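FYI, the numbering for the sequence shown is -19 to -1, 1 to 121, going by mature numbering (1 follows the signal peptide of the UniProt record, and there is no 0).
Ideal Cβ placement from N, Cα and C applies to all residues, glycine included.
As the structure is a computational prediction, the values presented were derived from the model and not from experiment.
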Amino acid sequence: MKLFLSAVAIFALFNGISGLAGKAPTKVLNDGNKIPTLALGTFGFEDIPKMRSAVNYAIEAGYRHIDTAALYDNEQEIGKGISDVFKKGLVKREELFVTTKLWNDKHARDQVVPALRESLAKLGLDYVDLYLIHSPEAMN
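Here's what the structure looks like:
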């Protein structure tokens, strides 16, 4: 958690110096959508319950991209954190870019949509902005 808070503090300081108005810079994708170039990565966070507050801290510091995955087993806590920032009015859904990933045991055609729906339910969202195949190596 200390390392995460240090990263948030550095980002907040960078934003103050660079005049980015407290938001991460974005890149325009080929379809016209924008993706923030800096994301809160949530892999390897040992204290899953603290992810909820980590999302809050990150959004307050200017992060607008949350990156998670089914494999990380933290989508539910991430979703609670996202819900908190919406309720606080810190961001609207359309201002937040959420990425999650399909794990290797769900590559079969009939498993992809149910896996996405499960992630959406855990995150408490109607959609994610980016749904990636975590790794091209299928387990089945």
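Best match in the options for proximity to residue i [C-alpha to C-alpha]
| i | options | result |
| --- | --- | --- |
| Ala89 | Asn37, Ile114, Phe67 | Ile114 |
| Phe67 | Asp48, Glu56, Thr49, Glu41 | Glu41 |
| Leu24 | Lys87, Asp91, Thr80, Arg98 | Here residue 24 turns out to be Phe, not Leu, going by the sequence shown. Nearest of Lys87, Asp91, Thr80, Arg98 to Phe24, Cα basis: Thr80. |
| Val93 | Val72, Ala51, Asn37, Leu10 | Ala51 |
| Lys31 | Gly13, Gly62, Pro17 | Gly62 |
Through-space distance from residue j to residue i, alpha-carbon basis
| i | j | result |
| --- | --- | --- |
| Ala20 | Arg45 | 7 Å |
| Gly43 | Met120 | 37 Å |
| Leu83 | Tyr53 | 11 Å |
| Pro6 | Lys87 | 33 Å |
| Glu76 | Ile47 | 11 Å |
| Glu58 | Asp28 | 11 Å |
| Thr18 | Glu99 | 26 Å |
| Lys15 | Pro95 | 27 Å |
| Asp12 | Lys73 | 21 Å |
| Phe78 | Leu97 | 16 Å |
| Thr49 | Val36 | 11 Å |
| Arg33 | Asp91 | 32 Å |
CB of residue i within 8 Å of CB of residue j, strictly
| i | j | result |
| --- | --- | --- |
| Asp110 | Leu101 | no |
| Gly60 | Gly105 | yes |
Neighbourhood of residue i by C-beta, 8 Å cutoff - its chain only, sequence neighbours within 5 removed
| i | result |
| --- | --- |
| Asn85 | His115, Ser116, Glu118, Ala119, Met120 |
Whole-number beta carbon distance between residue j and residue i, since they are thought to touch under 8 Å
| i | j | result |
| --- | --- | --- |
| Glu56 | Lys103 | 4 Å |
Chain-order list of residues whose beta-carbon lies under 7 Å from that of residue i (same chain, five-residue window excluded)
| i | result |
| --- | --- |
| Ser64 | Gly105 |
| Leu10 | Ile16 |
| Lys4 | Gly43, Arg45 |
Beta-carbon proximity list for residue i, same chain, < 6 Å, skipping 5 on both sides
| i | result |
| --- | --- |
| Phe26 | Met32 |
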